[in-house]
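Protein chains in written order, with the working numbering: chain A, 1 to 115; chain B, 1001 to 1115.
The beta carbon of each residue, even a glycine, is placed where N, CA and C say it ideally should be.
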């Protein structure tokens, strides 16, 4: 079975400071990993994905994530947070060889960037 | 512009009433998905379809029904059997081949409230 854990319901960070939103996963075999962002009363927007290759993935709005196979983690990072980054962030996973099974999402982490 | 359109944006349901949420995409995507979002619970899969006239139950299908008569359309009916339907409903789609295969495109959501 596939699963995703986002251990923090809420992350608070001061504007200009680096931010990290944590994600760990469990799949059989190699994973496809994703980060999405959601603004209030909106759908999810794609930020970045890891499929294969370089463990450091760069995405939209200056975000990046590092795939760590030994720790089964895919933490989202940004060097300098903006107030406009405040939103709900979701990590998602699917096994590489699972056919076309749907993505499994974490419960989300609310990021609050304080000016 | 291509995308997914969900309607209505807000929907109110009386006790014992069936309601249908619309999801239309013009992306020529093969697969479509319905997720339910509740605070603190992340996204939970209701139903999905990978081909016309075929669909599969997700984790929380009870009290819901779907159809996939056209590739572009995947409506969700919330029946009176769903005892706690108040939630935010998200539709998503993805191709099953090609470079866009790896991620979902989401609609803007429908907020359903029981009155």
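Considering only their Cβ atoms, is the gap separating residue j from residue i smaller than 8 Å?
i                       : j                       : result
residue 1114 of chain B : residue 1024 of chain B : no
residue 1106 of chain B : residue 43 of chain A   : yes
residue 1110 of chain B : residue 1008 of chain B : yes
residue 112 of chain A  : residue 12 of chain A   : yes
residue 33 of chain A   : residue 78 of chain A   : no
Out of the options, which one is the CA nearest neighbour of residue i?
i                       : options                           : result
residue 80 of chain A   : A:4, A:1 and A:16                 : A:16
residue 95 of chain A   : A:87, A:104, A:110 and A:89       : A:104
residue 1043 of chain B : A:75, A:90 and A:48               : A:90
residue 1082 of chain B : B:1011, B:1006 and B:1019         : B:1019
residue 1112 of chain B : B:1022, B:1056, B:1062 and B:1012 : B:1012
residue 1036 of chain B : B:1097, B:1103, B:1085 and B:1093 : B:1085
residue 1069 of chain B : B:1060, B:1062 and B:1055         : B:1055
residue 83 of chain A   : A:115, A:49 and A:36              : A:115
Which residues in the same chain have their Cβ closer than 7 Å to the Cβ of residue i, if we skip the five residues on either side of it in sequence?
i                     : result
residue 9 of chain A  : 109 and 110
residue 39 of chain A : 87
Provide the residue span of the beta strand (DSSP E) that contains residue i, from first to last.
i                       : result
residue 1086 of chain B : Run containing residue 1086 of chain B: none; DSSP gives neither H nor E here.
residue 68 of chain A   : 64-68
residue 1004 of chain B : 1004-1007
Please report the Cβ distance between residue i and residue j, rounded to the nearest whole angstrom; I am assuming they are in contact, meaning their Cβ atoms lie under 8 Å.
i                       : j                       : result
residue 64 of chain A   : residue 55 of chain A   : With a Cβ gap of about 11 Å, residue 64 of chain A and residue 55 of chain A do not count as contacting.
residue 1089 of chain B : residue 1077 of chain B : With a Cβ gap of about 11 Å, residue 1089 of chain B and residue 1077 of chain B do not count as contacting.
residue 21 of chain A   : residue 2 of chain A    : Going by Cβ atoms, the distance from residue 21 of chain A to residue 2 of chain A rounds to 20 Å, so no, they are not a contact pair.
residue 1021 of chain B : residue 1033 of chain B : Between residue 1033 of chain B and residue 1021 of chain B the Cβ distance is about 13 Å, and since that is not below 8 Å, they are no contact.
Quick one: what's got a C-beta closer than 6 Å to residue i's C-beta in the same chain, skipping five residues either side?
i                     : result
residue 73 of chain A : 24
residue 5 of chain A  : 24
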